[in-house]
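Novice:
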Amino acid sequence: MKVIRTYMNNRLRNFNYLIGCEKTKQAIALDPLDGEAMVALAAQQGWQIKLIINTHEHHDHIEGNPAVQAATGAEIWASEFARGKIPNMSRGLMANEEIELGTLKFRVLPTPGHTPVHVCLLTLSED
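Position 118, counted from 1, in the sequence shown is what the working numbering calls 118; the numbers after and before it change by one each time, with no gaps.
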């Protein structure tokens, strides 16, 4: 597993995260703010974005979803409780659910506070 954190030079001081499986060359775009930059970064790594995962519904974490989805066809996943708050969301994640992509494996942890629907991903991958 390789995680690439990219600072977005904006007033909110966001980061974009690209999480890649080096074996299968599949990737997760986590909270994409700049979708075009995320797609370009994945291409530089030789990765194909298969999933977009949003930790919560705020605009600075979902704004890049349309560009990533248009370029890659990736599905958008977020907390089940974010339905209706995140456009084009295709899968609702539940507490303690395990998700996999290639050799990547994560457990969904609900972390309400910043927003009621906020989730984090705990890595279960060996690499």
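Glycine is no exception: its CB is placed at the ideal position from the N, C-alpha and C atoms.
All values reported here derive from a predicted model rather than from experimental measurement.
Is the Cβ-Cβ distance between residue 27 and residue 62 less than 8 Å?
Specialist: Looking up residue 27 in the sequence shown gives position 27. Looking up residue 62 in the sequence shown gives position 62. Cβ atoms of residue 27 and residue 62: not closer than 8 Å.
Novice: Should residue 65 and residue 35 be called a contact, given that it needs their Cβ atoms to be closer than 8 Å?
Specialist: On the sequence shown, residue 65 is found 65 positions in, with the first residue counted as 1. On the sequence shown, residue 35 is found 35 positions in, with the first residue counted as 1. A contact, by the Cβ cut-off of 8 Å.
Novice: State the DSSP-derived secondary structure class of residue 101, mapped to helix, strand or coil.
Specialist: Residue 101 sits at position 101 when you count from the first residue of the sequence shown. The answer is strand: DSSP assigns residue 101 an E or B state.
Novice: Straight-line CA distance for residue 100 to residue 90?
Specialist: By one-based count along the sequence shown, residue 100 stands at place 100. By one-based count along the sequence shown, residue 90 stands at place 90. Roughly 16 Å separates the two Cα atoms.
Novice: Extract the residue ranges of the beta strand (DSSP E) inside the segment 12-98, only unbroken runs of 3 or more that lie entirely within it.
Specialist: If one requires a minimum length of 3 residues, the beta strand (DSSP E) runs lying completely within the segment 12-98 are 15-20, 26-30, 48-53, 75-79 and 89-93, in chain order.
Novice: Using a Cβ-Cβ cut-off of 8 Å (strictly less than) and excluding sequence neighbours within five positions of residue 96, which residues of its own chain qualify?
Specialist: Numbered from 1 along the sequence shown, position 96 holds the residue referred to as residue 96. Once the five neighbours on either side are set aside, the close Cβ partners of residue 96 are 107, 108 and 109.
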